[in-house]
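Chemist: Structure in structure tokens, see below.
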Amino acid sequence: MIAITGANGLLGSRIAHQLAEDSIPFFGIKRKNSNTTLTDNLAIHWKEADLLDIGALHEALAGASAVIHTAALVSFKSKDGEQLYRINVEGTRNIVNTCLSLGIPRLIHISSVAALGRQKGVNHINEDNKWVENKLNSEYAESKYLAELEVFRGQEEGLAIDIVNPSVILSQADWDKSSAQLFKYVWKNKPFYTQGSLNYVDARDVVTMISLLLQRKASGERHIANGGVAPLKEILTIIAGHFNKKAPWIKVPGPLVSATAWVESVRSWITGNEPMVTPQSARTANEKFFYNNEKAVQKLGMQFRTLEDTLEWCCTHYLQNGTINNRN
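Sequential numbering of the sequence shown, starting at 1, is according to the numbering used here.
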């Protein structure tokens, strides 16, 4: 029996759908009163537990033979630094310790390419990249890196582990959240874009990678899940084509992105509203990095979908399910 933490989330819900399709027994773990819209069409056995509640985790994970840990906080806002550490680091530590305590033999930890670290002059990054503290690494990135250290510590104590490092996951989801906001941005006819590039991966490909790992003996290693890299302008233009909208046409220079981030931080502090750009995201808005997927292709046999295929799949969802008409 497989346990999925965050089974109601963007990636966790797709894992749940795949396990159900493959008739693999599983149950989902979520926080009390959390939204389960993405799994409404599945008959899921839910267990409620907060990552920071060790007692609840022990009760929820009892009976599992493996855990797929997807639950995490993704944020690039400075004010969320403490929460990032608590949820991503302490939460993962609690998952690892609970697996060890209950004798659950297998953990697949969903990390991020952000955990691999970035540094000036190193543009091609693989699983062996060494973490170096610098301003290109956000607090989110550091929290995911420290979470990985907890997983590797669990391995030293006898836990069989695999780590999956996805880039920006593109999926059919609530377009008010996560990477899905790209689609809403284009639909709203926003004019601005930056010269940076985006490493992307189709959610379906991440699920395939996890399925392949489940079929194999645990490797104890990282696995980058990255479909490719493309200029943000190209991605927004493809989306605009599917929506029959005008693509963003005003290029924002790097210094202006940084200035906008500062103004947005002040506005957010005064109003309590979410900033459109944060200082952390501004630092990398015009940087170009590539995360090498060679290991996944050669060792797991992964064949990643094209950007066009992924964006068409996502855009078709928004056009057909009423999202645009009901929430424009």
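Where a beta carbon is used, it is the ideal one built from N, C-alpha and C, also for glycine.
Quick caveat, the model's predicted, so the values are computed rather than measured.
Pairing CB atoms from the region 309-324 with CB atoms from the region 208-217, are three or more of them under 8 Å?
Modeler: No, the region 309-324 is not in contact with the region 208-217.
Chemist: Considering only their Cβ atoms, is the gap separating L38 from S13 smaller than 7 Å?
Modeler: Less than 7 Å divides the Cβ of S13 from the Cβ of L38.
Chemist: Does the Cβ of K47 have 16 or more other Cβ atoms within 10 Å, making it buried, or fewer, making it exposed?
Modeler: buried
Chemist: So V229 packs on L182, CB below 8 Å; how close in whole Å?
Modeler: In fact, because the Cβ distance is near 15 Å, the residues do not count as touching under 8 Å.
Chemist: Here's the rule I'm using: 16 or more other beta-carbon atoms within 10 Å means buried, otherwise exposed. How should S34 be labelled?
Modeler: Exposed, since its Cβ has fewer than 16 Cβ neighbours within 10 Å.
Chemist: Going along the chain, which residues of its own chain have a beta-carbon closer than 7 Å to the beta-carbon of L159, five neighbours each way excluded?
Modeler: V96, C99, L100 and L107
Chemist: Helix, strand or coil for N215, going by three-state DSSP, please let me know.
Modeler: In the sequence on display, residue 215 carries Gln and not Asn. Reduced to three states, the DSSP call for Q215 is coil.
Chemist: What is the DSSP secondary structure of Q83, counted as helix, strand or coil?
Modeler: DSSP places Q83 in helix when its eight states are reduced to three.
Chemist: Could you have a look at H223 and say whether DSSP puts it in helix, strand or coil?
Modeler: Note: H223 maps to strand in three-state DSSP.
Chemist: Whole angstroms are fine: how far does the CA of E59 sit from the CA of L84?
Modeler: 24 Å
Chemist: Let me make sure I understand the geometry here. Which of E234, I44, D53 and G227 has the alpha-carbon closest to that of Q18?
Modeler: If we check each option's Cα against that of Q18, I44 comes out closest.
Chemist: State the start and end residues of the unbroken beta strand (DSSP E) segment that holds H109.
Modeler: R106 to I110
Chemist: So what does DSSP say about A20, is it helix, strand or coil?
Modeler: In the structure shown, the three-state DSSP call for A20 is helix.
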